[in-house]
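One structure is given below, encoded as structure tokens.
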Amino acid sequence: MKIRSYKGDSLHPLIKEKIVEFSESKLPTTIDTIAESYLGAYLYNDNEEIVGGITGHSFWNMLHIDYFWIDENYRGKGTGSELLAAMEEKARSEKCTCITLETFSFEAPVFYEKNNYERFGVIENTPLEGIDYYFYRKYL
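Below, the structure written as structure tokens:
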């Protein structure tokens with residue numbers, strides 16, 4: 000056997016397919032197969048400019064938030080919480096019972112905690128000394 004390295008996403012679909020196959024073989028038949036959905040919402044201002052957005056993907060009973068951004072001019076006005084609540088409602092409609100996400104210490108940990116997300120992990124000093132990488136979840 001030999002190991003070959005690669006860069007890029009050429010093997011990503013194959014490896015994903017194989018791990019999904021394996022995982023499904025270990026789960027009870029009462030759990031549906033993985034039905035991954037991509038979800039998102041955008042916030043527009045009066046000029047129809049995008050000033051915020053949130054994206055994520057759901058699988059099994061979980062939603063993982065991939066990206067969440069609010070223009071700095073619109074922060075601190077409740078718009079982020081409204082957009083997050085809209086995503087949570089969409090997750091519920093997809094029968095998700097848990098949302099997960101990650102954020103850096105310089106991004107939005109306080110925001111997520113104010114919105115009832117629970118920190119369940121941290122990688123300290125990543126990517127640099129003095130910056131931490133947090134993991135959050137919220138049960139719906």
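Heads up, the final residue of the sequence shown is numbered 139 in numbering that gives the first Met the number 0, and it's a clean run with no missing numbers.
Where a beta carbon is used, it is the ideal one built from N, C-alpha and C, also for glycine.
Between which two residues does the beta strand (DSSP E) harbouring residue i extend?
i, result
"residue 138", "132-138"
"residue 116", "It is not in any beta strand (DSSP E) - residue 116 carries neither H nor E in the DSSP assignment."
"residue 2", "Counting along the chain, residue 2 falls outside any beta strand (DSSP E), and DSSP gives it neither H nor E."
"residue 62", "61-69"
With distance defined between alpha-carbon atoms, name the residue in the options nearest to residue i.
i, options, result
"residue 134", "91, 68 and 107", "107"
"residue 41", "17, 6 and 79", "79"
"residue 56", "2, 125, 112 and 87", "87"
"residue 127", "103, 120 and 10", "103"
"residue 95", "36, 17 and 25", "36"
How far does the alpha helix (DSSP H) with residue i in it reach, from first residue to last?
i, result
"residue 78", "78-92"
"residue 103", "Per DSSP, residue 103 belongs to no alpha helix (DSSP H); it is in the beta strand (DSSP E), 97-103."
"residue 18", "11-25"
So residue i packs on residue j, CB below 8 Å; how close in whole Å?
i, j, result
"residue 116", "residue 89", "The pair is not a contact, with the Cβ atoms about 16 Å apart (cut-off 8 Å)."
"residue 49", "residue 67", "13 Å between Cβ atoms; not a contact."
Who pairs with residue i in a beta bridge, going by DSSP?
i, result
"residue 38", "55"
"residue 43", "49"
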